[in-house]
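In what follows, a single structure is set out as structure tokens and then discussed.
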Amino acid sequence: MLKSWARNDVWRCRVAGGPSGLPTSVIVKHFKSEPDRGFDDWASLEFLTRAGTAPALCPRFLAGDARAQVFVIEDLREGRTLDEALVASDEKAASEAVVALADAAGRLHAATLDGHAEFDGLRDALAPRELTPISRAAAGLSAAEPDVTGWLTAVGTRVPRGLAESLAALADAVAHPGPFTTFTHGDMAPSNNHFSATGVRLLDFEYGGVRSALYDTLLWNLFCPFPPTVIERADAAHRSALATACPAARGDSPYAAARGVAVAWRTVNMLQWFGPRVLDQDGPWAPGLTVRQALLWHVERFMAFVVDGPLAPITDAVDGLARALGERWRAERERTSAWPAFRARDQS
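Following our numbering from start to finish, the sequence shown increments by one per residue and tops out at 543.
What follows is the structure, given as structure tokens:
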């Protein structure tokens with residue numbers, strides 16, 4: 196057994212016999228709870244396997260039993276993750292891994308730009324969904340005003356005029372990504388990938404679905420405190436790969452606007468997930484990072500992007516929060532540590 200937790204069990208199994216051409220081992224996943232996550236993972240891998248992207252972008256889907264909530268995929272065997280590169284001491288290797296992963300995401304989005312509707316058909320054939328990822332996200336953003344105003348009130352910052360309308364515009368933009376609509380991984384965490392001599396593969400598509408391509412770029416643009424040069428290189432790599440199939444990605448204005456929507460989407464989500472109670476008590480967010488540190492990074496990083504037009508009141512709100520929280524949480528910012536791979540750069 197490779198992994199066992201509340202959501203699923205994962206095994207590496209030796210293949211003892213069967214038709215010719217079978218691999219010597221496979222990975223078996225049994226999803227025990229949250230079936231939507233398991234079926235999203237299954238449908239994503241089957242969809243991409245059918246698409247036949249070359250080089251491959253994920254493990255091959257081999258078989259599944261929906262009633263038993265079990266599916267079988269290719270065993271990629273030995274490799275490493277971006278997370279492992281980040282906690283090592285080789286800055287160049289870590290930087291190249293971030294850029295390679297961004298390129299893989301761009302290739303994923305380009306390859307599925309025209310066929311993303313096939314994913315929805317495949318996913319709903321396994322088990323009908325109440326909401327698609329973007330319809331669920333839009334509904335959540337439509338209800339975000341009390342959460343955002345609650346934060347502003349708690350830190351003593353004014354509520355910008357037009358905030359409710361701005362959040363409604365954000366929800367509409369998320370629901371209708373336009374030319375950037377494609378299949379996305381949905382959870383581009385540093386551990387959800389596999390690097391080997393054969394290239395980069397994406398893993399764990401438990402949040403896979405149709406969204407704006409720019410949602411997956413949040414790994415480097417917003418989630419992770421990477422050095423600015425690495426962020427710029429990663430975004431350029433993703434944009435270049437996406438632009439091979441998406442003409443809108445070649446234009447600075449539409450690309451920046453779509454990126455701004457994704458950044459605003461996730462930042463507002465963070466304010467919804469973690470309320471002003473964090474002002475009184477911090478908590479863990481990810482290994483080596485607290486909720487306060489993550490929130491501060493998100494609101495300050497948000498301000499590096501141009502998020503204007505109908506979304507300008509959201510920018511005003513986040514700017515006020517960034518100033519107030521930056522003043523309040525100076526110590527948290529100072530304790531925010533880079534990954535070991537980039538630590539020497541930050542200390543120089």
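Even for Gly, the Cβ is constructed at its ideal location relative to N, Cα and C. Quick caveat: nothing in here was measured; it's all calculated off a predicted structure.
heavy atom of the ligand FMN below 7 Å from residue i C-beta
i, result
"A332", "The ligand FMN is absent from the structure shown, which contains no ligand whatsoever."
Opening and closing residue of the alpha helix (DSSP H) in which residue i lies
i, result
"V265", "It is not in any alpha helix (DSSP H) - V265 instead sits in the beta strand (DSSP E) that spans V265 to E269."
"A280", "L277 to L281"
"A438", "P423 to A438"
"L217", "Unbroken run through L217: none, as it is neither H nor E."
"G233", "P230 to A246"
"D550", "This structure gives no information on residue 550, because the portion of the chain shown stretches from 196 to 543."
"R331", "P328 to S337"
Boundaries of the beta strand (DSSP E) in which residue i is found, first to last residue
i, result
"T377", "T376 to T379"
"V395", "G394 to L397"
"V223", "S220 to F226"
Reference residue i, options the options, closest by Cα
i, options, result
"G259", "V501, P423 and I268", "I268"
"D514", "R353, Y410 and T248", "R353"
"E522", "V494, L506, P508 and P535", "V494"
"A453", "P422, F256, G373 and R487", "G373"
"D503", "S361, T376, A312 and R406", "S361"
"H225", "L217, T510, W200 and A246", "W200"
"A499", "V458, A512 and P535", "V458"
"C257", "W237, V369 and L417", "The sequence as given places Leu at residue 257; Cys does not occur at that position. It is W237 whose Cα lies nearest to the Cα of L257."
"F378", "R232, R272, G310 and E325", "G310"
"L491", "G455, A332 and E529", "E529"
"A305", "R496, F234, P449 and A440", "A440"
"A143", "V221, M383, V501 and F497", "Since the displayed the chain opens at 196 and closes at 543, residue 143 lies outside it and no answer follows."
"S290", "V223, L243 and P420", "P420"
"L240", "L303, W206 and C208", "L303"
"G247", "T307, T412, D367 and V369", "T307"
"P449", "D477, V221, A408 and Q488", "A408"
"S330", "D315, D342, P341 and V343", "D315"
"V369", "A444, E340, R525 and W460", "W460"
"G478", "H371, D399 and E527", "E527"
"W272", "L506, L520 and T219", "Reading the sequence as shown, one finds Arg at residue 272 and not Trp. Closest option to R272, Cα to Cα, is T219."
"L520", "V501, A251, W534 and A349", "A349"
"V221", "V205, D235 and K227", "V205"
Buried/exposed call for residue i, threshold 16 Cβ in 10 Å
i, result
"D319", "exposed"
"G381", "buried"
"D447", "exposed"
"A211", "exposed"
"C253", "buried"
"M383", "buried"
"P214", "exposed"
"G423", "Before going further, note that residue 423 is Pro rather than Gly in the sequence given. Exposed."
"L347", "buried"
"D475", "exposed"
"D285", "exposed"
"G470", "exposed"
"G216", "exposed"
"P508", "buried"
"G301", "buried"
DSSP three-state assignment for residue i, whether helix, strand or coil
i, result
"V162", "Any property of residue 162 remains undetermined from this structure, which presents the chain solely from 196 to 543."
"H311", "helix"
"H371", "coil"
"A512", "helix"
"T344", "helix"
"W206", "strand"
"N387", "coil"
"L303", "helix"
"R406", "strand"
"A533", "coil"
"F500", "coil"
"F418", "helix"
"P479", "strand"
"L491", "helix"
"A258", "strand"
"L484", "strand"
"S361", "helix"
Contact with chain C by residue i, beta-carbon distance below 8 Å
i, result
"T248", "Of the chains in the structure shown, none is chain C; there is only one protein chain."
Inset, instruction - For the segment 393–408 and the segment 294–302, state whether three or more C-beta atom pairs, one from each stretch, are separated by less than 8 Å. - result: yes
Legend entry - Contact the segment 431–438 vs the segment 481–491: 3+ CB pairs below 8 Å: no
Inset, instruction - May I ask you to verify whether the segment 463–470 touches the segment 248–265, counting CB pairs closer than 8 Å and requiring at least 3? - result: no
Inset, instruction - Evaluate the contact criterion for the segment 271–283 versus the segment 379–389: three or more CB pairs, one atom per stretch, below 8 Å. - result: yes
Inset, instruction - Could you say if the segment 319–328 and the segment 217–234 meet the contact criterion of at least three C-beta pairs nearer than 8 Å? - result: yes
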